[in-house]
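Visitor: In the numbering used here, the protein residues as written are 1 to 122. Virtual Cβ for every residue (Gly too), placed ideally from N, Cα, C. Got a structure for you, written out below as C-alpha cells; questions coming shortly.
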Amino acid sequence: MKLDILAFGAHPDDVELGCGGTVIKHTDAGKSVGIVDLTMGEMGTRGTAELRLKEAEDAAKILGATVRVNLKMRDGFLSPENEDDLLKVITVLRKYRPEVVLANALEDRHPDHGQAAKLVLR
1 MKLDILAFGA HPDDVELGCG GTVIKHTDAG KSVGIVDLTM GEMGTRGTAE LRLKEAEDAA
61 KILGATVRVN LKMRDGFLSP ENEDDLLKVI TVLRKYRPEV VLANALEDRH PDHGQAAKLV
121 LR
C-alpha cells in the first residue's frame with residue numbers, strides 16, 4: 001500500500017506531539033498518512049506500554065491515519081548502527097513507499113529522539 005506521508009516517532013505520542021497538526025492538515029486534505037512508532041515507550045514515565053499503545057490507536061483514529069504500526073524496538077536503546085532496527089525501518093519504507101517521510105529532530109534533549117531520526121535518515 002502506497003502512502004503519501006509516513007511519520008516516524010521514537011515513542012507512541014511523538015508523532016502527535018511533534019507533527020500532529022501537520023498530519024491532520026494532510027489527512028483532512030485527503031492524503032494518506034501512516035504513523036510508525038519505533039518503540040512501545042516501555043521505559044517512559046507517562047503510563048504503561050499497554051496504555052500508551054491504546055492511546056496511540058485512539059490518536060491514530062483522531063488524526064485520520066491510514067495505518068499505524070509499532071516496530072517494538074527496545075526503548076532507550078535505539079541506534080542507527082543496529083542492523084535489526086535498520087532492517088525494520090527499511091521494510092516499512094519499502095512496504096508503504098511514501099512520498100514524504102517525517103521523523104523526530106536530529107538534535108533533541110531526549111536521546112531516543114535524535115537516535116530515531118538518525119536511524120530513519122540512514
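(1) Between residue 84 and residue 40, which are expected to be in contact by the criterion C-beta below 8 angstroms, what is the C-beta distance as a whole number of angstroms?
(2) In this structure, does DSSP put residue 95 in helix, strand or coil?
(3) Just tell me which of 86, 73, 77, 12 has its CA closest to the CA of residue 35.
(4) Taking the alpha carbon of residue 65 as the reference point, which residue from 31, 77, 54 has its own alpha carbon closest?
(5) Cα separation between residue 119 and residue 29?
(6) What residue range is occupied by the uninterrupted alpha helix (DSSP H) comprising residue 61?
(7) Assuming residue 102 and residue 19 make a contact with CB atoms under 8 angstroms, what is their CB distance in whole Å?
(8) Could you check if residue 21 is buried or exposed, using at least 16 other CB atoms within 10 Å of its CB as the buried criterion?
(9) How long is the line joining the alpha carbons of residue 53 and residue 37, rounded to whole angstroms?
(10) Name the two residues that bound the continuous alpha helix (DSSP H) containing residue 118.
(11) Give every residue of the same chain whose Cβ lies closer than 8 angstroms to the Cβ of residue 106, excluding the five residues on either side of it in the sequence, and list them in chain order.
Guide: On the basis of the coordinates in this document:
(1) Actually they are not in contact, since the Cβ atoms of residue 84 and residue 40 sit about 16 angstroms apart, beyond 8 angstroms.
(2) In the structure shown, residue 95 falls within a helical segment according to DSSP collapsed to helix, strand and coil.
(3) Residue 35 has its Cα closest to that of 12, out of 86, 73, 77, 12.
(4) For the residues 31, 77, 54, the minimum Cα distance to residue 65 belongs to 31.
(5) Those two C-alpha atoms are separated by around 29 angstroms.
(6) Judged by DSSP secondary structure, residue 61 falls within the alpha helix (DSSP H) whose first and last residues are 49-63.
(7) Your pair residue 102 and residue 19 checks out as a contact, with CB atoms roughly 5 angstroms apart and the cut at 8 angstroms.
(8) Exposed, since its Cβ has fewer than 16 Cβ neighbours within 10 Å.
(9) Spanning the alpha carbons of residue 53 and residue 37 requires a straight line of approximately 10 angstroms.
(10) Looking at the DSSP string, the run of the alpha helix (DSSP H) that includes residue 118 is 111-121.
(11) In the same chain as residue 106, and ignoring 5 residues on each side of it, the C-beta atoms closer than 8 angstroms to its own belong to 114, 117, 118, 121, in chain order.
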